[in-house]
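*Asks:* With the numbering used here applied, the sequence shown has no gaps in its numbers, which climb one by one up to 160 at the end.
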Amino acid sequence: MKLFRAIDELEISGTVSELAEIKRTLEKAEDGQVYVFTFDCSGCSMSYDSLEPELKVQVCSGPACATFREEGGVTIRGGLKSIEVFASFFDFDLDSASGEHYHWDEACGSEYVATNSIPMVVSVA
Numbered sequence: 036m037k038l039f040r041a042i043d044e045l046e047i048s049g050t051v052s053e054l055a056e057i058k059r060t061l062e063k064a065e066d067g068q069v070y071v072f073t074f075d076c077s078g079c080s081m082s083y084d085s086l087e088p089e090l091k092v093q094v095c096s097g098p099a100c101a102t103f104r105e106e107g108g109v110t111i112r113g114g115l116k117s118i119e120v121f122a123s124f125f126d127f128d129l130d131s132a133s134g135e136h137y138h139w140d141e142a143c144g145s146e147y148v149a150t151n152s153i154p155m156v157v158s159v160a
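1) Which stretch, first to last residue, makes up the beta strand (DSSP E) that contains residue 101?
2) Near residue 140, what residues of its chain come up, given a Cβ to Cβ distance below 7 Å and the 5 sequence neighbours on each side ignored?
3) Name, in chain order, the residues that DSSP records as bridge partners for residue 89.
4) Using CA coordinates, which residue listed in 66, 88, 53 and 67 is at the minimum distance from residue 45?
5) Distance, Cα to Cα, residue 150 vs residue 127?
6) Near residue 60, what residues of its chain come up, given a Cβ to Cβ distance below 7 Å and the 5 sequence neighbours on each side ignored?
7) Please report the distance separating the alpha-carbon of residue 41 from that of residue 102.
8) I need the boundaries of the beta strand (DSSP E) containing residue 37, first residue and last residue.
9) In the DSSP assignment, find the beta strand (DSSP E) that holds residue 111 and state where it starts and stops.
10) Whose CA, out of 113, 54 and 135, lies closest to the CA of residue 74?
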């Protein structure tokens with residue numbers, strides 16, 4: 036599974052089962068907890084600037100917001116309901132073809148995704 040990063044976009048790409056594991060974990064998320072997901076950084080970053088080694092998801096309050104900082108990497112912070120909505124974007128049918136994807140930031144209203152969040156795509160590899 037890969038986490039691609041550009042200055043203005045993120046993409047998580049993995050098999051249906053890898054993406055489903057993130058979904059299952061985040062569906063059980065609890066307030067105040069931080070969940071860390073690791074990614075493969077080998078190979079080419081394609082049209083993106085880099086491959087990132089991990090994603091931290093922190094359950095706190097408010098709409099979810101994806102950010103990147105050189106010292107902290109990629110982080111998503113948001114309230115429990117916003118994180119549950121985020122988790123739903125990792126739900127693909129078992130027979131989903133490579134390239135099928137969802138745009139998390141475009142599909143949700145501002146009550147679930149902060150307006151200053153980095154846009155994110157979740158795709159089947």
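By construction, the Cβ of each residue, glycine as well, lies at the ideal position given by its N, Cα and C atoms.
*Replies:* Taking the coordinates as given:
1) 100–104
2) 148, 152, 154 and 155
3) The secondary-structure analysis by DSSP pairs residue 89 across a beta bridge with 73.
4) Distance check between residue 45 and each of 66, 88, 53 and 67 places 88 closest, using alpha-carbon atoms only.
5) 26 Å
6) 70
7) 11 Å
8) 37–41
9) 108–113
10) 54
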